[in-house]
Structure formats: C-alpha cells, structure tokens
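Chains as they are written, first to last, in my numbering: chain Y, 1002 to 1154; chain P, 1002 to 1154; chain B, 1002 to 1154; chain V, 1002 to 1154. The C-beta atom is built at its ideal place from N, Cα and C for all residues, glycine as well. Okay, structure first, notes after.
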C-alpha cells in the first residue's frame, strides 16, 4: 500500500471511528491498516462489562467492534477497486457503506486488558464486500470470530 | 404464564438488563415477557447514533439489544423446561447462559424515536436454545432481524 | 399478483427447478408462487437420507431446497421492482441471480413423507434481496429455518 | 495424532461418508484427517451443476460438502475431548452428532475439475463444537467459506 493511500485510509478510519459517539463510549481506537488487514483496539473498562459475575465483555461491545473493523476493511476494498476515484467521491461512497448482515461466533469469554478487532477481505466487488473478522485479547487469545457482508456500491 | 412465573421472569429480566452498565448506557428497559415473546425497549438519543450523516442507530446498538432480548427469551425457555427448579438453581443456570452465535440482518436504516427488540423461541432443549429476534421502531417498521443460538445447559 | 405475472413466474420457477439435474435428483417440484410466498415441494425417498440410523433428511438436501426456494422468492422481488421489464431482460437478470450467503438453523430431525420449502421476502432492492425460508413436513412441523442474502442487481 | 487414532478416525469418516446415499450421489470421498484439519474431496460432473448457463456447482452441493466435512471435524473434537472412550461409546456419540446451524458464504462461482472441502476446529467442548470450513478447487481457488455449530454432547 502506497504512503498516500495509507495516509488517506488512516485519516478516513479515524474519522469513521471518532465521529461516532457510540464508538467513543466503547473507546475504539484506530490501530493499523493495510491491503491485507485492518485493526482497531480498545481497553477493558467497567462500562464494557456484560456479565458482572465473571467480569467479561458485553456481547454488544464485541459485535460493535467487529462490525466497525469489518466496515473499515470493506472501505479498503472500495479504495482498491476504485484507485483513481477522487477523495470527495470516495467519501460519498463511504457514507453509503452499510452492513447487510453479520454472523458472530462467541468462542471464549471476553477476558483481558486490551482487545484487538481485526478484519480481512474475503471477497470484494462493485456492489458488496464480504469480510472476516476476529477479536483477540492482548495475549492473542481468540474471543470471537465473525463474517460480515457489506453494501459498497 | 402463571402470575408467579411472570413475576419471577420480570424480576430476573430487569436484573439482567439493569445490572449491566453497557445496557444502561444504551438505555435498555424491560417491556414485557410471556411464553411466546419477550420485548425490551429503548429510546433514540444522540449517544446511539452510528451514522452522523443520516442520524441512524449504530449497528452495535442494534445487535446488542437483539442479543439481550434473545438471551432473555432463552431464559424463558430454561424456566419452561425446568418448571420445578428452585429460584437459586435457576439463577445459577441463568448466570451460565451465553450466546454461542448470532446472525443479524440489517434491513432498514435505524430511524425512529423509540425501538422495540422482540424475541421468540424457535427451539429449546436441555443444552441449547435457538431464538429469533427483530427490532422495530415506534411505527412497527422492521429495522433488523436476527437468529441466535444460546447455551442454556 | 396478476394472472400474467403469475403465469410468467410459475414458468420461470419450473424452468429454474427442472433444468437443474441436482434438483431433479432431490425431486424438487414447483408448488406455488405469489408476492408473499413461494413454495417448492419434495417427497422423502431413500436417496435423500442423511442419517441411516434415524432415517432423516440429509442436511445438504435441506439447505439445497431452502437455497432454491429463496432464490425463486428473490426472483419475485426482481420482478416486482422491475414491472415493465421485458421477459428476455428479466431472464437475463435471473441468470445472474446468485446466493451471497445463507444461514440455516436445523431445528428438528427431518422426518416425514413430504416436505415443503417456503420463502418470504424480508428486503428487496436494486442490488440485493434478503429472504427468509423454512422447511416443514406434511404435518406443518418446522424442520429448519434459514435466512439468505441474494445478489439480484 | 497417533496412528491408531488416525486409523479409527479415517475408518469412521469413510463410514460417515460412504453409508449415506446422498454423499455417494455427490461423489464425496474421504481425503485426509488430522487434529488440525479434515479434508473430503469430490470431482465435477454434470449431475452437480446448478447453473446450466455457466456450468458451475449447485449451491446445495457446496453446502452439503461443507456441512459433511464440518461434522467430521466436530467428530475429531469429540475424540480429542474423550481420549479414553471405547469405540462403541464413541460410535454412539457420533450417531448423535448433528448440525445446529451453519452459515455459508458463496464467494466465487464453483468452477473446477476437483473440489476439496476442508474443516478446522474453532471451539470444542462437552456440548458443542464450532467449525470453520472452506471449499477450494484443484487450483486452491476459494469458492466458499462456512462456519458451523455442531451438537456433540
């Protein structure tokens, strides 16, 4: 990925993440982006607990972070498929980007100090993108995986 | 559903919803419960917006509310399958209840003033429950549907 | 649904079903079609058994029939959204129709003498259709449900 | 994986595949098995075509092969979690093994001469196993991916 493209995508990702109040409540932060993988990060805090007996992440936090990073990776697919598109046109395309459906598999209790939501493209095209996501903690333990279909056209 | 069972389930549901900080942030409120259907409710507010261009619900809010109401309906299934179980035993079972997987289909933009997440049982047994959920707004417009598999054993 | 449209859709459905050798092996037959619901039917026979201990339907037969009836219902959506389209244009669109993803929930053992795969539209648009399907036996016992996303654009 | 376990699993897999008429119709053949991955194989033939315009695999063939190989991998999980179990007991467990739900993503047209359905365990336990599957052709082109939840308890 060229430097300019990387810079553009990083800027767009930070915008996508930070302008949304719900993402700020979770504490989602941009981590890294490339043609192969996008990663966002957040830390454990009491507001994110879903099971107060076990002190583990709320399922809604898990699916929200996976949906978000999947959307960012779909945006990478849009950029790759429209390399000569102007930034304004691209921004317009990105404001229309939306999740069609998503399956989440909750594999292990959401325990940890820091969490990383990662996404990779499975399929990209003029109309839809299919993305695979996973959530791991700071020890790379896999907490959840997901597959999402996004409208990109 | 008998009055005592209804009262027990309402109490447990309110507990499940209100003890969790993330649910309070969303503003999830218990609405109603029966053998056929559980409903929880929340109101639109700026903190729940996911697309600031269009002023619509964050996908994470939609999936969190659907997952929650699905879990409550799975708990109804547990109670139905264990009618003579003591409340303490039931509480213990409910603290172990967890989502195995969930598919969400985002059908329409999450616009509205008040939202209702509803759940119905598809299958219930000693080990798992399968639940179907939907999110509608105050005009009964269907915003999302979901299917979840829950561990109940 | 007007008589002409009904006739066109019935003809197209029968074509979609009967021209495909795999559907003939299963024994899929067109049953009925309307704006609300499409139904295809097949009978139990030894070739369709998946568990020889219990004499129940193979999961692949279940998902194949659900995918097929979902595709037919997506075609109804295409026709509804393109009312003035010529038959040749419509046929061309239908040859491009494809399944993007599908979730199947296997609720009960596939026991019975005759099976009905039914589909209803959840969402339809210029690019994709989302369809909900179910498989019931001759006693209306629900054996499986599914949700599929189809490319229609 | 020890030699005896490998032999036992190979035998069980071949039994699971070959005793089922529907699998024979597709032409499913046991390929290989290990703690990490199970693979089954089948060849293209006219009976498996789903789109006679494009000569590609029927979606039902794809999902049937993915479901089958996922079930075999779930059986590996059962064996790993029950190392001292007698073969008869294991066989009994395996006859109860069933698919709870499965999501399939159809990524590319099913073109090719030979197809390999592969499965890896995501999660295994006393009651359920979660398995990830993929279908590739003889050139390792990914045609579909899937995630399945299996009852193993």
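Item: Residue 1054 of chain Y, DSSP secondary structure in three states; Value: coil
Item: Chain-order list of residues whose beta-carbon lies under 7 Å from that of residue 1055 of chain V (same chain, five-residue window excluded); Value: 1110
Item: Exposed unless 16 or more other CB atoms sit within 10 angstroms - verdict on residue 1102 of chain Y; Value: buried
Item: Nearest to residue 1028 of chain V (by Cα), restricted to the options B/1023, B/1073, B/1089; Value: B/1023
Item: CB contact check: residue 1032 of chain B to chain V, cutoff 9 Å; Value: no
Item: Sheet register partners of residue 1072 of chain P (DSSP bridge); Value: DSSP, once it has assigned bridges, lists no residue as partnering residue 1072 of chain P.
Item: Cα-Cα separation, residue 1142 of chain V to residue 1037 of chain Y; Value: 17 Å
Item: Element boundaries [beta strand (DSSP E), containing residue 1103 of chain P]; Value: 1099-1107
Item: Within 9 Å, strictly: CB atoms of residue 1147 of chain B and residue 1133 of chain B; Value: yes
Item: Neighbour flag for residue 1148 of chain B against chain P, beta carbons, 9 Å; Value: yes
Item: Environment of residue 1104 of chain B [buried if 16+ CB atoms lie within 10 Å]; Value: buried
Item: Three-pair Cβ contact test at 8 Å for the stretch 1068-1075 of chain Y versus the stretch 1059-1069 of chain P; Value: yes
Item: Endpoints, alpha helix (DSSP H) assigned at residue 1013 of chain Y; Value: 1004-1019
Item: Own chain partners of residue 1114 of chain P with C-beta closer than 6 Å, once the 5 adjacent residues on each side are dropped; Value: 1045, 1139
Item: Residue-level contact to chain B via CB, residue 1068 of chain V, 9 Å cutoff; Value: yes
Item: Start and end residues, alpha helix (DSSP H) containing residue 1024 of chain P; Value: 1022-1027
Item: Beta-carbon spacing of residue 1074 of chain Y, residue 1005 of chain Y below 9 Å; Value: no
Item: Where residue 1108 of chain V meets chain Y, residues with beta-carbon distance less than 9 Å; Value: 1123, 1124, 1131
Item: Beta-bridge pairing of residue 1150 of chain B - partner residues as DSSP gives them; Value: B/1102, B/1131
Item: Paired residues, beta bridge with residue 1065 of chain B - DSSP; Value: In DSSP, residue 1065 of chain B forms no bridge with anything.
Item: Interface partners of residue 1094 of chain P on chain V, CB under 7 Å; Value: Per Cβ cutoff of 7 Å: no residues; residue 1094 of chain P is ~14 Å from chain V at best.
Item: Cβ neighbours of residue 1025 of chain P in the same chain (closer than 8 Å, five flanking residues each side left out); Value: 1019
Item: Inter-residue spacing [alpha-carbon to alpha-carbon] between residue 1034 of chain P and residue 1145 of chain B; Value: 25 Å
Item: C-beta neighbour in chain Y for residue 1140 of chain V, strict 9 Å; Value: no
Item: Bridge partners - residue 1042 of chain Y, DSSP secondary structure assignment; Value: Y/1030, Y/1117
Item: Same chain only: Cβ atoms within 6 Å of residue 1120 of chain P, ignoring 5 sequence neighbours per side; Value: 1039, 1070, 1071, 1074, 1132, 1134
Item: Listed by chain order, chain V residues near residue 1104 of chain Y by CB distance under 8 Å; Value: 1104, 1148
Item: Cβ of residue 1128 of chain P within 9 Å of any chain V Cβ; Value: yes
Item: Pairwise C-alpha distance: residue 1047 of chain P and residue 1116 of chain P; Value: 14 Å
Item: Status (buried if at least 16 other CB within 10 Å, exposed otherwise) for residue 1051 of chain Y; Value: buried
Item: Neighbourhood of residue 1151 of chain B by C-beta, 8 Å cutoff - its chain only, sequence neighbours within 5 removed; Value: 1071, 1072, 1075, 1098, 1099, 1100, 1101, 1129, 1130, 1131, 1132
Item: Within chain P, partners of residue 1023 of chain Y - CB distance below 8 Å; Value: 1048, 1049, 1050, 1051, 1059, 1061, 1062
Item: Closer than 9 Å at the beta carbon, the chain B residues around residue 1116 of chain V; Value: Those within 9 Å of residue 1116 of chain V in chain B number zero; the least Cβ separation is about 14 Å.
Item: Chain V residues whose Cβ lies nearer than 7 Å to that of residue 1101 of chain P; Value: 1129, 1150
Item: Residue 1078 of chain Y classed as buried or exposed, judged by whether at least 16 other C-beta atoms fall within 10 angstroms; Value: buried
Item: Classification of residue 1126 of chain Y by the beta-carbon crowding that lies within 10 angstroms, buried from 16 upward; Value: exposed
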